[in-house]
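So the structure is just underneath, and the comments pick up after that.
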Amino acid sequence: MFDVFPVRYIEPVYRPPSEAESLILPVTDGCSWNRCTFCEMYTVPQKKFRARPEEEVLDAIRRLGEHPAGHAVRRVFLADGDATVLPTRRLLTALAAIREHLPNVRRISSYCLPRNLRKKSVEELKELAEAGLKLVYVGAESGDDTVLERINKGETFESAREGLEKLGAAGITRSVMILNGLGGTRYSEAHARHSADLVNATQPEFLATLVVSFPKGDARLRAAFPEWEPLDVPGLLREMERFIDRLTLARTVFRSDHASNWLVLRGNLPQDKEKMLARLREAIAAPQSAPLRPAWARGL
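Here the sequence shown stands for residues 820 to 1119, numbered as in my numbering.
Okay, structure coming up:
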């Protein structure tokens, strides 16, 4: 009866690092925007965007509840790139099914594009929060409008701010990601400054930074961003110093420990701000003795 796992996956499957122990439940395939020139996640043909049939999603949840492993599920991540693109009714139906068939689930999360919240009111988002959607991951990437335009993000400082504020008002925990090095050498300072301004304006509960990387090459980025030149490691560290130095956060968990990061930083802001700045400044002043992650270990 249980020879086949009840969830249909289309490779590759992505999820945030902190969802490593979560059940990945696709409610869409791919990303509804999928035009960001720095992103390689959903560019393969099999990841063309579409909403999963509602009947398939609900059947998978029901069958998971009957599966021997179903009772052990504590966290669910709604995949793929931006589950919040679905109408509120469809999301509420899926969340209700999870509550019914997987009663031990304590947290449901998803990726979220701010653009997909424009048609959702704070009241709708509160309904989703009350139904179990507790956490969303927002890839803001940058707070600088020029950088956002160059990478074809489809967002602006204001659209990201509006979306994050809506989520906060609804009581949904926000984990925001900024890409270190995304502005290249030309826009590094503006990228750091305006990204910090966006975070300061919205006060997310979680904040993370990754280093921009292109395992498949940067031709796609350069086609729309011809002036882009990558930062070297000291340049990336200086950008991080500018970014963190400008932060005025009241209560945020900060992580810069993804495999792409050269220097691991972890802390709670504002308490650990000076400690992290000191670590960065030591690495900038003496990179040869800094505890930098070796290139082979960056796992890209």
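Where a beta carbon is used, it is the ideal one built from N, C-alpha and C, also for glycine. Remember, predicted model here, so these are calculated numbers, not experimental data.
If I measure Cβ to Cβ from residue i and keep anything under 7 Å in the same chain, skipping five residues before and after, which residues do I get?
i, result
"Q865", "I829"
"M820", "Because the pLDDT at M820 is just 45, under 50, the model does not fix this residue reliably, and the value given afterwards should be weighed accordingly. Result list for M820: empty, nothing under 7 Å."
"Y1006", "D963, T965 and V966"
"E840", "R894"
Between residue i and residue j, what straight-line distance do the alpha-carbon atoms span, to the nearest angstrom?
i, j, result
"K945", "S994", "17 Å"
"L910", "S1108", "50 Å"
"F896", "L1055", "31 Å"
"T912", "G951", "11 Å"
"G889", "V826", "12 Å"
"D1037", "T903", "29 Å"
"E885", "R854", "39 Å"
"A1009", "N1087", "24 Å"
"A1027", "R881", "34 Å"
"R1039", "E919", "44 Å"
"E974", "R1100", "32 Å"
Grab me the residues of residue i's own chain with a C-beta within less than 6 Å of its C-beta, minus the 5 sequence neighbours each way, in chain order.
i, result
"H1077", "L1029"
"G1000", "V1030, V1031, L1050 and L1055"
"A1102", "L1056, L1082 and A1109"
Starting from residue i, follow the alpha helix (DSSP H) in both directions and report where the run begins and ends.
i, result
"F976", "F976 to A989"
"R969", "D964 to R969"
Among the options, which residue has its Cα nearest to the Cα of residue i?
i, options, result
"I997", "S940, A979 and K985", "A979"
"C850", "L983, R871 and L914", "R871"
"N971", "I927, W852 and E840", "W852"
"T847", "P922, S929, R881 and V823", "S929"
"G1003", "E960, G990 and P835", "E960"
"I1063", "A1104, V1018 and A1042", "V1018"
"Y956", "V823, R1039, P933 and A915", "P933"
"P845", "V863, V876 and K1035", "V876"
Which same chain residues, not among the five before or five after residue i, have their C-beta less than 8 Å away from its C-beta?
i, result
"E1024", "T992, R993, S994, R1070, T1071 and V1072"
"E838", "R894, F896 and S928"
"K1035", "E859"
"E1060", "L1096, L1099, R1100 and I1103"
Since residue i is in the beta strand (DSSP E), which residue starts that stretch and which ends it?
i, result
"G958", "L952 to E960"
"R993", "T992 to N999"
"I829", "Careful: I829 lies outside any beta strand (DSSP E) and carries neither H nor E."
"L842", "L842 to P845"
CB of residue i to nearest heavy atom of the ligand NAP: below 7 Å?
i, result
"L897", "This structure simply doesn't include the ligand NAP, nor any ligand for that matter."
Whole alpha helix (DSSP H) elements within the stretch 1013–1099, 4-residue minimum: 1038–1043 and 1052–1065
Give the list of continuous alpha helix (DSSP H) stretches no shorter than 4 residues that lie fully inside the stretch 856–941. 873–885 and 907–920
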